[in-house]
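Q: Can you read through this structure? Questions will come right after.
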Amino acid sequence: MKTYTNVKDLGNLNKAVREALEIKKNRFGYKHLGTDKTLLMVFFNSSLRTRLSTQKAGMNLGMNTMVLDVNQGAWKLETERGIIMDGDKSEHLLEAIPVMGSYCDIIGVRAFATFENKNDDYQENILNQFIKYSGRPVFSMEAATAHPLQAFADLITIEEYKKTARPKVVLTWAPHPKALPQAVPNSFADFMNEADVDFVITHPKGYDLASQFVRNAKVEYDQNKALEGADFVYAKNWAAYTDPNYGKILSSDRSWTVTAEKMALTNNAYFMHCLPVRRNMIVSDDVIESPQSLVIPEAANREISAQTVLKRMLESL
Ligand code: AN0
Ligand code: CP
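To convert, count from 1 in the sequence shown and add 70; that's our numbering.
Shown next, in the form of structure tokens:
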């Protein structure tokens, strides 16, 4: 595997999940693959889970791991070509990327949407420059439009907990005080559309996701209706995607918060969220603390999704 940016990079998805579950049972069994190999993780944005789980995954595989926080201690980076660099940015990505590539064997990149320019975000300008200029396999640790390590961990979690062959999975928008990217819901949809689930997306009008991610999912604007009979409820906030509101908050309607009343409409559903989560905005205390809440095992599976991707990248070096 040379790049990991979306569900297609995994090939056969059932096979990928089976491989992940094998790795979970034997996570130190592949140490030989990463001996004397170096993983570099480059963060343009904050992280708790991605940083720790991916580093742990690399260590499980015997790799050396290095982390660069671009905004803490590195030179400020220019990302656009052709700019006269007379401002506060001391270095260009076009030099920084091949230099970083020269010190490692595999690179992970986190670079969120900036919401400054929809085209730049949806063309994945930063991630694609790493793919083009680093000379190394590159994986997304949440880029502008996708968070495939999260969605892979989510699918692994659903496989572990599902009670029927084809569970009903509902992705629901929920309110949040800040404008958040579409990366997590995009990737969740990308994966659920390829998985054997009955997939429904619910959100207030105006929050439609990009059609290349929605694909054949059922979109239901009535949250209560969408939740009926759900086996898994996956909550997430995102800012508007469609023009002219790209990156804007259109609703702060707290009736969309996932509460015990909402969960009572479901088929005793499991609750999922990628974390970090704002309690009593996205989800009530009692729901996230209930026995049906999967947020901790879901986060734990981030180590497994990352290890599966890194293992495949090491095998292709
Ligand atoms: C980020 C987001 O919504 O994309 C990261 C989630 C994994 N969340 C926040 O910035 C709060
Ligand atoms: N879920 C997730 O990616 O969390 P972090 O932003 O803490 O890495």
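Ideal Cβ placement from N, Cα and C applies to all residues, glycine included.
Between residue 379 and the rest of its own chain, which residues show a CB-CB distance below 6 Å, the 5 nearest in sequence each way excluded?
A: These residues qualify, in order along the chain: 74, 209.
Q: Okay, do the segment 237 to 245 and the segment 266 to 286 touch, 3+ Cβ pairs below 8 Å being the bar?
A: Judged by Cβ distances under 8 Å, the segment 237 to 245 makes contact with the segment 266 to 286, as three or more pairs qualify.
Q: Which residues mark the beginning and the end of the beta strand (DSSP E) in which residue 288 is found?
A: Its beta strand (DSSP E) spans residues 288 to 290.
Q: Could you check where the beta strand (DSSP E) with residue 83 kicks off and where it finishes?
A: Note, residue 83: premise wrong, no beta strand (DSSP E); alpha helix (DSSP H) at 83 to 95.
Q: Based on the DSSP secondary-structure assignment, which residues constitute the bridge partners of residue 171?
A: Paired residue(s): none; residue 171 is not in a bridge.
Q: Just list the residues that DSSP pairs residue 136 with in beta bridges.
A: Residue 136 is bridged to 110.
Q: Strictly by DSSP, which residues pair up with residue 349?
A: DSSP, once it has assigned bridges, lists 353 as partnering residue 349.
Q: Taking all protein chains shown into account, decide if residue 72 is buried (16 or more other Cβ within 10 angstroms of its Cβ) or exposed.
A: Result: exposed.
Q: The ligand AN0 and residue 244: does any heavy atom of the ligand fall closer than 6 Å to the residue's C-beta?
A: For the ligand AN0, not one heavy atom lies less than 6 Å from the Cβ of residue 244.
Q: Taking residue 145 as the reference, give the member of 260, 206, 203, 165 with the closest Cα.
A: Ranking the options by Cα distance to residue 145, first place goes to 165.
Q: Just the Cα atoms here: how many angstroms apart are residue 213 and residue 200?
A: One C-alpha to the other measures close to 11 Å.
Q: Three-state secondary structure (DSSP) at residue 126?
A: Helix at residue 126.
Q: DSSP puts residue 147 in a beta bridge; with which residues?
A: In DSSP, residue 147 forms a bridge with 161.
Q: Opposite residue 360 in the DSSP bridges: which residues?
A: DSSP, once it has assigned bridges, lists no residue as partnering residue 360.
Q: For the beta strand (DSSP E) containing residue 323, list its first residue and its last residue.
A: From DSSP, residue 323 is part of no beta strand (DSSP E); its letter is neither H nor E.
Q: According to DSSP, what are the bridge partners of residue 305?
A: For residue 305, which the question treats as bridged, DSSP gives the partners 242.
Q: Return the Cβ separation of residue 77 and residue 261 in integer angstroms, given the expectation that the two are a contact with Cβ distance under 8 Å.
A: Right, their Cβ atoms sit about 5 Å apart.
Q: Does the distance from the CB of residue 279 to the CB of residue 304 come in under 7 Å?
A: Not closer than 7 Å, so no.
Q: Please state whether DSSP places residue 100 in a helix, a strand or coil.
A: Three-state DSSP puts residue 100 in coil, outside helix and strand.
Q: Is residue 387 close to the ligand AN0? I mean its beta-carbon at under 6 Å from any heavy atom of the ligand.
A: No.
Q: Any heavy atom of the ligand CP within a distance shorter than 6 Å of the CB on residue 345?
A: Within the cutoff, so yes.
Q: Only counting the same chain, and skipping five residues up and downstream in sequence, which positions put a Cβ closer than 7 Å to that of residue 177?
A: So the qualifying residues of the chain are 110, 112, 170, 171, 200, 204, 206, 208.
Q: Taking the alpha-carbon positions, what's the residue 128 to residue 377 distance?
A: Between residue 128 and residue 377, the C-alpha separation is close to 7 Å.
Q: Helix, strand or coil: which one does DSSP assign to residue 257?
A: Helix, per DSSP.
Q: Can you say whether residue 340 is buried or exposed, counting buried as having 16 or more other CB atoms within 10 angstroms of its CB?
A: Burial call: buried.
Q: Determine the burial state of residue 153: buried for a count of at least 16 other Cβ atoms within 10 Å of its Cβ, exposed for fewer.
A: Label assigned to residue 153: exposed.
Q: Would residue 155 pass as a contact of residue 180 if the rule is Cβ separation under 7 Å?
A: Not a contact, by the Cβ cut-off of 7 Å.
Q: Touch check for the segment 244 to 258 and the segment 305 to 325: three-plus C-beta pairs under 8 Å?
A: The answer is yes - the segment 305 to 325 touches the segment 244 to 258, with three or more Cβ pairs under 8 Å.
Q: Check whether the Cβ of residue 218 sits closer than 6 Å to any heavy atom of the ligand HEM, and report yes or no.
A: The ligand HEM is absent from the structure shown, which contains only the ligand AN0 and the ligand CP.
Q: One question on the structure: do residue 132 and residue 108 come within less than 7 Å of each other, judged by their Cβ atoms?
A: Result no, Cβ atoms of residue 132 and residue 108 do not sit closer than 7 Å.
Q: Rounded C-beta distance between residue 351 and residue 224? I'm assuming under 8 Å.
A: Contact doesn't hold; Cβ gap of about 20 Å is too wide.
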